[in-house]
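S.K.:
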Amino acid sequence: MANTSVRIRIEATDLPGRSCPAAPGFPGYDDIHVAVQRRGRPEELLEPVAGDAAGAVWTLECTAKALPVGVDLLGPYVQGGPGARFVYLSWVAGGGGGRTMFRRAKLMLAAVERDTAEAAVRSGMLVARLGLTDAEGQPLCAAVRPPLVVWSAGTGA
213 MANTSVRIRI EATDLPGRSC PAAPGFPGYD DIHVAVQRRG RPEELLEPVA
263 GDAAGAVWTL ECTAKALPVG VDLLGPYVQG GPGARFVYLS WVAGGGGGRT
313 MFRRAKLMLA AVERDTAEAA VRSGMLVARL GLTDAEGQPL CAAVRPPLVV
363 WSAGTGA
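The sequence shown begins at 213 in our numbering and counts up by one.
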């Protein structure tokens, strides 16, 4: 397989709201938004969405290249090294130029089943579906793997 253009579409539901209350070890934040973070530029966020939106969708342009044991996805919003790639969803508080990042979720691309990744390369689209509120009602954070995210091959490049 030569390098192939693939899109990653992230479809998020169940956002936690525009504010998250304080909890033990967590100060709480207002005017929260979530966005995809650009690799190497944590301040550069793709299409921030308010935390009280009904849902959010981001589409990332990537290149897939064959590896001896699967597919490697590369692109401006893909973080990490070979075999450990991921996409950051960054939670920020405040508007305008005064945004403060307070939490991130890592969508672990290494958790995509090989058959799903190969089907996504053929179709031109890898889709991630997930809810963005954790079990405590706070913005989802930490490493996100199935069953918290469902990966599938989409249609249309």
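Each residue gets a CB set at the ideal place from its N, CA and C atoms; glycine is no exception.
Which word fits residue 279, buried or exposed, when buried means at least 16 other C-beta atoms lie within 10 angstroms of its C-beta?
M.R.: Here the question's residue 279 lines up with position 67 in the sequence shown. With fewer than 16 other Cβ atoms within 10 Å, it is exposed.
S.K.: Expressed to the nearest angstrom, what Euclidean distance is found between the alpha-carbon atoms of residue 336 and residue 257?
M.R.: Here residue 336 refers to the residue found at position 124 of the sequence shown. Here residue 257 refers to the residue found at position 45 of the sequence shown. The alpha-carbon atoms of residue 336 and residue 257 are separated by roughly 24 Å.
S.K.: Tell me which residues share the same chain as residue 228 and place their Cβ nearer than 7 Å to its Cβ, disregarding the 5 neighbours each side in the sequence.
M.R.: Counted from its first residue, the sequence shown places residue 228 at position 16. If you ignore the 5 residues before and after residue 228, its C-beta comes within less than 7 Å of the C-beta of 263, 344, 345, 349, 350, 351, all in its own chain and listed in chain order.
S.K.: On the DSSP bridge assignment, give the partners of residue 335 in chain order.
M.R.: Counted from its first residue, the sequence shown places residue 335 at position 123. Answer is none; residue 335 lacks a bridge partner.
S.K.: Could you tell me the distance, in whole angstroms, from the CA atom of residue 299 to the CA atom of residue 249?
M.R.: In the sequence shown, residue 299 corresponds to position 87, counting from 1. In the sequence shown, residue 249 corresponds to position 37, counting from 1. Roughly 8 Å separates the two Cα atoms.
S.K.: What residue does the beta strand (DSSP E) around residue 315 start on, and which one ends it?
M.R.: Taking the sequence shown and counting its residues from 1, one reaches residue 315 at position 103. 312-320 is the span of the beta strand (DSSP E), which, as asked, contains residue 315.
S.K.: Quick one: give me the first and last residue of the beta strand (DSSP E) that residue 348 is part of.
M.R.: As a first step, residue 348 is located in the sequence shown; it is residue number 136 there, counting from the start. Element bounds for residue 348: n/a, residue is neither H nor E.
S.K.: Would you report the Cα separation of residue 305 and residue 362, rounded to the nearest angstrom?
M.R.: Locating residue 305 in the sequence shown gives position 93, where the first residue counts as 1. Locating residue 362 in the sequence shown gives position 150, where the first residue counts as 1. Rounded to whole angstroms, residue 305 to residue 362 spans 27 Å at the Cα level.
S.K.: If you follow the beta strand (DSSP E) that residue 259 is in, where does it begin and where does it stop?
M.R.: As a working note, residue 259 is residue 47 in the sequence shown. In the DSSP assignment, residue 259 falls within the unbroken beta strand (DSSP E) covering 253-262.
S.K.: Which residues mark the beginning and the end of the beta strand (DSSP E) in which residue 267 is found?
M.R.: Translated into the one-based positions of the sequence shown, residue 267 becomes position 55. Note, residue 267: beta strand (DSSP E), 267-279.
S.K.: Between residue 333 and residue 253, what straight-line distance do the alpha-carbon atoms span, to the nearest angstrom?
M.R.: Here residue 333 corresponds to residue number 121 of the sequence shown, with the count starting at 1. Here residue 253 corresponds to residue number 41 of the sequence shown, with the count starting at 1. Rounded to the nearest angstrom, the two C-alpha atoms are 27 Å apart.
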